[in-house]
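Have a look at the structure below before the remarks.
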Amino acid sequence: MSMIEFHDVQKYYGDYHALRNINLTIDAGETVVLIGPSGSGKSTLIRTINGLERIEEGQLIVNGQDLANKKTDMNRIRKNVGMVFQHFNLYANKTILENIMLAPRIVLKKDEAANKKLAMDLLDRVGLADQASKMPAQLSGGQQQRIAIARSLAMEPKALLFDEPTSALDPEMIDDVLNVMKDIARDSSMTMLVVTHEMGFAREVANRVIFMADGQILEDDSKETFFDGQPSNERARQFLGKIITHS
Amino acid sequence: MINIFQNYGADLLLGLGNTLLCSVIALFFSLIIGSMFAIFETTPIKALRIIARIYIEVFRNIPLLVITMFFYVVIPLMVAKIDGFTAGTIGLTIYTSAFIAETVRSGINSVESGQMEGARANGMTFWQAMRYIILPQAFRYVIPPLGNQFINLVKNSSVLAFVAGFDLMYQGNVIASNSLQTINTYMAVGVLYLVITMPLSYYMRHLEKKLA
Numbered sequence: 001m002s003m004i005e006f007h008d009v010q011k012y013y014g015d016y017h018a019l020r021n022i023n024l025t026i027d028a029g030e031t032v033v034l035i036g037p038s039g040s041g042k043s044t045l046i047r048t049i050n051g052l053e054r055i056e057e058g059q060l061i062v063n064g065q066d067l068a069n070k071k072t073d074m075n076r077i078r079k080n081v082g083m084v085f086q087h088f089n090l091y092a093n094k095t096i097l098e099n100i101m102l103a104p105r106i107v108l109k110k111d112e113a114a115n116k117k118l119a120m121d122l123l124d125r126v127g128l129a130d131q132a133s134k135m136p137a138q139l140s141g142g143q144q145q146r147i148a149i150a151r152s153l154a155m156e157p158k159a160l161l162f163d164e165p166t167s168a169l170d171p172e173m174i175d176d177v178l179n180v181m182k183d184i185a186r187d188s189s190m191t192m193l194v195v196t197h198e199m200g201f202a203r204e205v206a207n208r209v210i211f212m213a214d215g216q217i218l219e220d221d222s223k224e225t226f227f228d229g230q231p232s233n234e235r236a237r238q239f240l241g242k243i244i245t246h247s
Numbered sequence: 001m002i003n004i005f006q007n008y009g010a011d012l013l014l015g016l017g018n019t020l021l022c023s024v025i026a027l028f029f030s031l032i033i034g035s036m037f038a039i040f041e042t043t044p045i046k047a048l049r050i051i052a053r054i055y056i057e058v059f060r061n062i063p064l065l066v067i068t069m070f071f072y073v074v075i076p077l078m079v080a081k082i083d084g085f086t087a088g089t090i091g092l093t094i095y096t097s098a099f100i101a102e103t104v105r106s107g108i109n110s111v112e113s114g115q116m117e118g119a120r121a122n123g124m125t126f127w128q129a130m131r132y133i134i135l136p137q138a139f140r141y142v143i144p145p146l147g148n149q150f151i152n153l154v155k156n157s158s159v160l161a162f163v164a165g166f167d168l169m170y171q172g173n174v175i176a177s178n179s180l181q182t183i184n185t186y187m188a189v190g191v192l193y194l195v196i197t198m199p200l201s202y203y204m205r206h207l208e209k210k211l212a
């Protein structure tokens, strides 16, 4: 069953054509890694999936609802599709525990005891149960990102979007975050779309790797084809060569 | 000056009471109305942004006295009779709320945009994100400029004197013309304004330190 479907999607910023003829289907439970040079449109693409960016043309169906339709309730989509940002975006005025519990309480109207239990379980899962009463600013970047992942999981979403989740982190923090993400990816029910250049992560848990440049999808391969064979697209081959020699 | 307090103490106290009452009412409502228009200005809904823009530009750029006179003279002619105190308090509320709207809007804008995105992506509506995440952070930023607005509001309440609002300034005018002790009277009035504004000023400074 498909979770996310793009059909001939176009996106413009004024005259700038940010997404060109995007056609893409992601099945429920798949883990897809999206790579490409900066300015290639990969962040724009994943931000359209939860309606943070609107599309101008085409059809975008997420969890059975068409986002191109103005009547579609974005809040309903976002209940089912979580997002993890490059800069974490934890609520600066709330404790760690409140960061996780707030949306389930006010959006899902979840029972307080069950909410707290899930929040504590998630904190445990990301290895930060002892930080529950701190404020976000007291945590390191890597810790904040793990909390941000826990916050998304607390909504019990069907899909999770990751927009360069480790790009703003110190190198020694990256593994802790990636390990949490791998753990989620191995849970076969979660659909994950990850913008990242962490090829180790892609090799280990991705089902597919997509390469974008200039707002287009140039390559959409299984992990095996992408890493062990050769991408058919010349630019994808060059890009892959560069990031692999650097990592 | 002491003899002014001795001879006209009750009149001055009445004025002080009315000034305080007018200030508290105007402060309460202008904070609500101002915050509402500040939120309107930052919504994704264009119509609300335009309404807010017009309100703020109009009432920020007309003298307080003109707004007050409008309510004192025009409204009784066309709608209902209202007294000077009411007209003055309404005028002051509308005028001050335009400034508070601008202040609160700048506070909302200084909250990092990632906070709103994080909240929306987390499933919250725009209004939920405003209420739980953005406004609590915005108000921390705007406490110093809001303090200035509150102090201005107290001083601006002297506009009531023009519309027979029986405030401190109005009472001062009456006492000055009856007693012919102009200098002493206005000094007493000034002191009584300080009695309201100085504690307010100190409290705001304290709050600023506490939240910084």
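Protein chains in written order, with the UniProt record's numbering: chain H, 1 to 247; chain Z, 1 to 212. Heads up, the beta-carbon is just placed ideally off N, CA and C, and yes, glycines get one too.
Which same chain residues, not among the five before or five after residue i, have their C-beta less than 8 Å away from its C-beta?
| i | result |
| --- | --- |
| residue 29 (chain Z) | 93 and 97 |
| residue 98 (chain H) | 91 |
| residue 52 (chain Z) | 37, 38, 40, 41 and 101 |
| residue 103 (chain H) | 151, 154 and 155 |
| residue 105 (chain H) | 112 and 115 |
| residue 27 (chain Z) | 96, 150 and 153 |
| residue 59 (chain H) | 5, 6, 7, 8, 9, 66 and 68 |
| residue 5 (chain Z) | 12 and 188 |
First and last residue of the beta strand (DSSP E) that includes residue i?
| i | result |
| --- | --- |
| residue 59 (chain H) | 57-62 |
| residue 186 (chain H) | Counting along the chain, residue 186 (chain H) falls outside any beta strand (DSSP E), though it belongs to the alpha helix (DSSP H) covering 171-186. |
| residue 215 (chain Z) | No answer is possible for residue 215 (chain Z): it lies beyond the span of chain Z, which begins at 1 and ends at 212. |
| residue 23 (chain H) | 16-27 |
| residue 7 (chain H) | 2-13 |
| residue 258 (chain H) | Summary: the structure shown does not reach residue 258 (chain H), with chain H confined to residues 1 through 247, and so no result is reported for it. |
| residue 216 (chain H) | 216-222 |
| residue 193 (chain H) | 191-195 |
| residue 83 (chain H) | 81-84 |
From the options, pick the residue whose C-alpha is nearest to that of residue i; which is it?
| i | options | result |
| --- | --- | --- |
| residue 50 (chain H) | H:62, H:58, H:57 and H:56 | H:62 |
| residue 189 (chain H) | H:172, H:144, H:160 and H:89 | H:160 |
| residue 72 (chain H) | H:54, H:82 and H:89 | H:54 |
| residue 27 (chain H) | H:231, H:207 and H:14 | H:207 |
| residue 215 (chain H) | H:42, H:8 and H:14 | H:42 |
| residue 163 (chain H) | H:60, H:35, H:229 and H:84 | H:84 |
| residue 147 (chain H) | H:199, H:94 and H:217 | H:94 |
| residue 81 (chain Z) | Z:72, Z:88 and Z:204 | Z:72 |
| residue 44 (chain Z) | Z:133, Z:25, Z:126 and Z:179 | Z:126 |
| residue 125 (chain H) | H:65, H:89 and H:177 | H:177 |
| residue 134 (chain Z) | Z:145, Z:27, Z:54 and Z:116 | Z:116 |
| residue 167 (chain Z) | Z:79, Z:46 and Z:84 | Z:84 |
| residue 40 (chain H) | H:30, H:16 and H:79 | H:16 |
| residue 33 (chain Z) | Z:56, Z:69 and Z:21 | Z:56 |
| residue 132 (chain Z) | Z:143, Z:142 and Z:119 | Z:119 |
| residue 108 (chain H) | H:225, H:230, H:220 and H:157 | H:157 |
| residue 141 (chain H) | H:121, H:130 and H:172 | H:172 |
| residue 1 (chain H) | H:129, H:25 and H:13 | H:25 |
| residue 243 (chain H) | H:37, H:136, H:110 and H:13 | H:37 |
So, for residue i: in the same chain, excluding its five sequence neighbours on each side, which residues have a beta-carbon less than 7 Å away from its beta-carbon?
| i | result |
| --- | --- |
| residue 67 (chain Z) | 59, 91, 94 and 95 |
| residue 11 (chain H) | 18, 19, 44, 48, 53, 55 and 56 |
| residue 149 (chain Z) | 96, 99, 100 and 103 |
| residue 195 (chain H) | 34, 42, 43, 46, 162, 163 and 164 |
| residue 182 (chain Z) | 176 |
Comparing the C-beta of residue i with each C-beta of chain B, is any distance below 7 Å?
| i | result |
| --- | --- |
| residue 7 (chain Z) | Among the chains of the structure shown, chain B does not appear; the protein chains present are H and Z. |
Enumerate in chain order the residues of its own chain whose CB-to-CB distance from residue i is below 6 Å, with the five nearest sequence positions on each side excluded.
| i | result |
| --- | --- |
| residue 169 (chain Z) | 158 and 161 |
| residue 69 (chain H) | none |
| residue 1 (chain Z) | 184, 187 and 188 |
| residue 88 (chain H) | 144, 145 and 148 |
Determine the extent of the alpha helix (DSSP H) in which residue i is found, giving its start and end residues.
| i | result |
| --- | --- |
| residue 111 (chain H) | Here residue 111 (chain H) belongs to no alpha helix (DSSP H), and DSSP marks it neither H nor E. |
| residue 52 (chain Z) | 46-60 |
| residue 36 (chain H) | Note, residue 36 (chain H): premise wrong, no alpha helix (DSSP H); not H, not E. |
| residue 159 (chain H) | Segment 159-163 is the beta strand (DSSP E) holding residue 159 (chain H); no alpha helix (DSSP H) there. |
| residue 84 (chain Z) | 84-110 |
| residue 146 (chain H) | 141-153 |
| residue 199 (chain H) | 199-205 |
| residue 176 (chain Z) | 168-179 |
Members of the region 99-127 of chain H near chain Z, C-beta cut-off 7 Å: Flagged, chain order: 102, 103, 106 and 107.
Within 9 Å of chain Z by C-beta, residues of the region 197-221 of chain H in sequence order: none
Chain H contacts made by the region 53-83 of chain Z, where a contact means CB separation under 7 Å: none
Interface positions of the region 36-56 of chain H facing chain Z (Cβ-Cβ less than 7 Å), listed along the chain: Cβ contacts with chain Z come from 50 and 52.
Chain-ordered residues of the region 122-137 of chain Z with a beta carbon less than 7 Å from chain H: 122, 123, 124, 125, 128, 132, 133, 136 and 137
Validate contact between the region 103-113 of chain Z and the region 25-40 of chain Z using beta carbons, cut 8 Å, 3 pairs: yes
Near-chain Z residues of the region 1-17 of chain H (beta-carbon distance less than 7 Å), N- to C-terminal order: none
The region 151-172 of chain Z: positions lying closer than 7 Å to chain H by Cβ: none
Cβ contact check for the region 106-121 of chain H and the region 179-199 of chain H: 3 or more pairs under 8 Å: no
Three CB pairs or more closer than 8 Å across the region 231-246 of chain H and the region 137-151 of chain Z: no
The region 84-97 of chain Z: positions lying closer than 7 Å to chain H by Cβ: none
Positions along the region 135-146 of chain H whose CB lies within less than 8 Å of some CB in chain Z: Answer set for the region 135-146 of chain H: empty.
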